[in-house]
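Numbering-wise, the sequence shown is residues 5 to 143 according to the numbering used here.
All C-beta atoms, glycine included, are put in the ideal place defined by N, C-alpha and C.
Below: one structure, written as structure tokens.
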Amino acid sequence: MSYNKQLPATEITDKVTRATVEFAEDFGNFLGTDTKTKDPKTGKNRTVEAKLTTSQLRKFFGEVKRQQMEGYNETAFVLLKPKLAYAVGRADKNSKIKDFYLTIAKLMDLVKDEKTFKNFIQVFEAIVAYHKAAEEQRM
């Protein structure tokens with residue numbers, strides 16, 4: 005099961021709205037929970053897609069926040085994408101990190117200047133918050 009919803013480009017290029025928060029809540033919840041299915045033979049639930057771990061998310065988030073403190077630098081920002089792709093390659097094939105990469109990479113492509121970078125950070129912060137909330141509910 006892959007995540008198939010997308011945030012409208014205007015949420016990055018123009019301004020952050022309620023639609024952004026709704027998207028972040030949905031995506032954060034998706035990333036923060038395991039996707040399970042019932043095994044037809046045993047009748048037990050089994051995980052088919054493992055949640056994105058906090059450490060996977062925080063590692064990338066930390067890089068983005070570091071760049072925020074230093075100020076927008078296009079070169080440094082675009083180089084985050086291959087770092088994230090590398091993390092996807094190293095991760096378990098049944099992890100939601102690929103869904104995270106595909107969605108975040110599309111949002112990253114919309115970042116062209118300081119304003120869109122700030123909007124991207126706001127969206128990302130909201131995703132992180134809802135991911136954390138989803139994890140806490142499952143404990």
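query: Inter-stretch contact at 8 Å, needing at least 3 Cβ pairs: the stretch 71–81 / the stretch 49–60; result: no
query: Distance between GLN141 and LEU106 (C-alpha atoms, nearest Å); result: 25 Å
query: Selected residue, minimal CA-CA separation from PHE81, among PHE124, ASP43, THR58; result: PHE124
query: Range of the contiguous alpha helix (DSSP H) that encloses GLN10; result: Careful: GLN10 lies outside any alpha helix (DSSP H) and carries neither H nor E.
query: Candidates THR14, PHE27, ALA23, ARG22, of which the one nearest ASN166 by Cα; result: As displayed, the chain neither begins before 5 nor continues past 143, which places residue 166 out of reach and without an answer.
query: ALA54, DSSP secondary structure in three states; result: strand
query: For LYS19, three-class secondary structure by DSSP; result: coil
query: Straight-line Cα distance separating LYS42 from VAL127; result: 33 Å
query: Proximal residues to LYS40 (C-beta, below 8 Å), its chain only, five neighbours per side dropped; result: ASN49, ARG50, THR51, VAL52
query: Test item: CB-CB of GLY32 and LYS102 under 9 Å; result: no
query: Proximity winner among LEU84, ARG94, LYS55, ASP30, relative to LYS69 (alpha-carbon distances); result: LEU84
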